[in-house]
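Peer 1: Residue numbering for the sequence shown follows full-length UniProt numbering, beginning at 1 and increasing consecutively.
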Amino acid sequence: MCEDIPPFASYPGGNKVVQIADTVAVKVGWGLPQSEATTQRYARDYVDPTILYIPEVFRYFKADGLGYIVMEYIPGDTLDKLDVSENPNLAEKTMDAVRHLASIPVMQELGPGPIGHDPIAGYVWGDNGTGCPFYSIEDMEDWLNDRLDVWKLPPISIPRDRRLNMHHMDLARRNICLRPDNSICFFDWGCAGFYPDCFETFVFRLICGQDEVWFNQLLRLSPTPQADEEEMIKHLETPGFINIKYAYVQSGAQVYNTDKFEKA
């Protein structure tokens with residue numbers, strides 16, 4: 001999709017996208033979950049494609065431990081092939097798409113994270129992911145605070161007066177395509193789901209060092225976090241780090257710590 005999409009490594013072994021026909025591509029990977037396909041399909045159903053184009057999902061299936069998403073092939077150039085410093089309108093188009101995506105409906109029965117109640121992947125949660133789904137904001141808050149408590153850090157409080165919105169959560173330039181009609185397309189929905197708006201701002205800041213020009217452009221166009229959101233952002237990097245550093249054993253939807261923790 002958009003020629004030469006690199007393997008995506010949020011899951012063990014990484015995932016790969018292969019064009020198999022003029023209009024069809026397949027994403028394949030170990031542990032590639034159905035929730036990624038479901039979330040991508042849900043977002044596509046609600047967005048205005050002139051603001052944000054999302055590849056159509058034709059089918060998801062599993063075979064021999066591998067997950068497969070059969071989807072629409074999208075021609076165009078990924079933004080890592082373009083000079084974004086000379087084309088600031090690309091960041092503006094991207095943030096228009098981010099705001100539009102965040103405005104789509106949120107069904108009451110949907111909890112935080114991807115649609116389908118699979119364990120959650122992404123920068124907030126560390127390389128191992130959450131290991132369990134979240135069914136409520138309280139579940140997400142407890143997961144974060146259990147790990148912050150390891151180092152006796154103050155708990156995070158997720159505001160209840162602001163809704164969770166749909167966010168892509170991995171807007172590296174390789175995951176954004178400029179289509180021939182100049183519309184923006186987002187690829188790779190493995191980290192996407194319903195989250196507080198400030199979580200995406202946190203991700204922009206966290207990985208800014210990988211592509212400073214691009215993420216600084218996005219941050220300049222992002223809304224300024226409110227004071228309580230800024231306080232939460234300050235601590236968001238720690239739970240994912242602790243989740244990698246220390247051993248957790250999963251039992252159903254709960255995660256139990258089995259180690260004696262000391263701050264490094």
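Note that the Cβ used here is the ideal one computed from N, Cα and C, for glycine as well.
1. Give a yes or no on contact between the region 105–112 and the region 57–66, applying the rule of three or more CB pairs nearer than 8 Å.
2. Alpha carbon to alpha carbon, what distance is there between threonine 50 and isoleucine 156?
3. Considering tyrosine 60, what are the terminal residues of the beta strand (DSSP E) in which it resides?
4. Looking only at its chain, what residues have a beta carbon closer than 6 Å to the beta carbon of cysteine 18, apart from the 5 residues adjacent to it on each side?
5. Need the endpoints of the beta strand (DSSP E) that methionine 71 sits in, please.
6. Apart from the five residues on each side of it in sequence, which residues of its chain come closer than 6 Å, Cβ to Cβ, to serine 222?
7. Alpha carbon to alpha carbon, how far is threonine 230 from leucine 206?
8. Which full runs of the alpha helix (DSSP H) of 4+ residues lie inside the region 129–165, going along the chain?
9. Output the distance between the C-alpha atoms of tyrosine 42 and phenylalanine 241, rounded to the nearest integer angstrom.
10. Taking the alpha-carbon positions, what's the phenylalanine 199 to glutamine 34 distance?
11. For threonine 224, count neighbouring Cβ atoms within 10 angstroms of its own Cβ and tell me buried if that reaches 16, exposed if not.
12. Measure the beta-carbon distance from valine 124 to leucine 218 and round it to whole angstroms, keeping in mind my assumption that it falls under 8 Å.
13. Restricting to Cα atoms, I'd like to know which of Tyr246, Asn15, Arg173 is closest to methionine 95.
14. Taking aspartate 22 as the reference, which of Thr38, Ile184, Pro75 has the closest Cα?
15. Compute the beta-carbon to beta-carbon distance between methionine 166 and phenylalanine 194, rounded to the nearest angstrom, for a pair I have assumed lies under 8 Å.
16. Please report the Cβ distance between glycine 129 and isoleucine 120, rounded to the nearest whole angstrom; I am assuming they are in contact, meaning their Cβ atoms lie under 8 Å.
17. Do serine 36 and glycine 190 have their C-beta atoms within less than 8 Å of each other?
18. Is DSSP giving leucine 178 helix, strand or coil here?
19. Could you say which of Leu144, Asp149, Ile104, Tyr53 lies nearest to aspartate 181 if we only look at CA atoms?
20. Here's a check: name, in chain order, each residue in its chain whose Cβ is nearer than 7 Å to the Cβ of valine 47, leaving out the five neighbours to either side.
21. For the alpha helix (DSSP H) that lysine 93 lies in, which residues bound it at each end?
22. Give the straight-line distance between the Cα atoms of asparagine 145 and isoleucine 158, rounded to the nearest whole angstrom.
23. For glycine 252 and histidine 117, I'd like the C-alpha separation in whole angstroms.
24. Just list the residues that DSSP pairs tyrosine 195 with in beta bridges.
25. Alpha carbons only, please: which of Asn89, Gly122, Gln40 is nearest the one belonging to aspartate 170?
26. Where aspartate 211 and proline 88 are concerned, what is the direct C-alpha to C-alpha distance, given to the nearest angstrom?
27. Among Gln226, Val213, Asp197, Trp143, which residue has its Cα nearest to the Cα of aspartate 83?
28. Hey, would you say tryptophan 151 sits closer than 8 Å to threonine 39, going by beta carbons?
Peer 2: Answer, in terms of the structure:
1. Not touching, per the Cβ criterion.
2. Approximately 37 Å between the Cα atoms of the pair.
3. That run of the beta strand (DSSP E) goes 57–63.
4. According to the sequence displayed, residue 18 carries valine and not cysteine. Contacts found: Val26.
5. First-last of the beta strand (DSSP E) with methionine 71: 66–72.
6. The beta carbon of serine 222 sits closer than 6 Å to those of Thr201, all from its chain and outside the five residues before and after it, given in chain order.
7. According to the sequence provided, residue 230 is glutamate. The question's threonine does not apply to it. In a straight line, the C-alpha of glutamate 230 is about 14 Å away from that of leucine 206.
8. Listed in chain order, they are 137–148.
9. Approximately 30 Å between the Cα atoms of the pair.
10. Cα to Cα, phenylalanine 199 sits roughly 23 Å from glutamine 34.
11. Under this definition threonine 224 is an exposed residue.
12. Contact doesn't hold; Cβ gap of about 17 Å is too wide.
13. Of the candidates Tyr246, Asn15, Arg173, the one whose C-alpha sits nearest the C-alpha of methionine 95 is Arg173.
14. If we check each option's Cα against that of aspartate 22, Pro75 comes out closest.
15. About 6 Å separates the two Cβ atoms, so the contact holds.
16. With 8 Å as the limit, glycine 129 and isoleucine 120 qualify as a contact, their Cβ atoms being about 6 Å apart.
17. Looking at the sequence itself, residue 36 is glutamate, so the reference to serine does not match. Closer than 8 Å, so yes.
18. When secondary structure is reduced to three states using DSSP, leucine 178 falls in the strand class.
19. Taking only the C-alpha atoms, the option nearest aspartate 181 is Tyr53.
20. Same-chain partners within the cutoff: Ile54, His100, Leu101, Ile104.
21. It spans 89–102 - the alpha helix (DSSP H) in which lysine 93 sits, taken as one unbroken run.
22. Going by the C-alpha atoms only, they are around 11 Å apart.
23. Per-residue confidence for glycine 252 stands at a pLDDT of 39, beneath the threshold of 50, marking its modelled position as unreliable; the derived number appears in the next sentence. Answer to the nearest angstrom: the Cα atoms are 12 Å apart.
24. Asn165.
25. Aspartate 170 has its Cα closest to that of Gly122, out of Asn89, Gly122, Gln40.
26. One alpha carbon belongs to aspartate 211, the other to proline 88, and they sit about 14 Å apart.
27. Residue Val213 is the option with its Cα nearest to aspartate 83.
28. In this structure, tryptophan 151 sits away from threonine 39, with a CB-CB distance that is not shorter than 8 Å.
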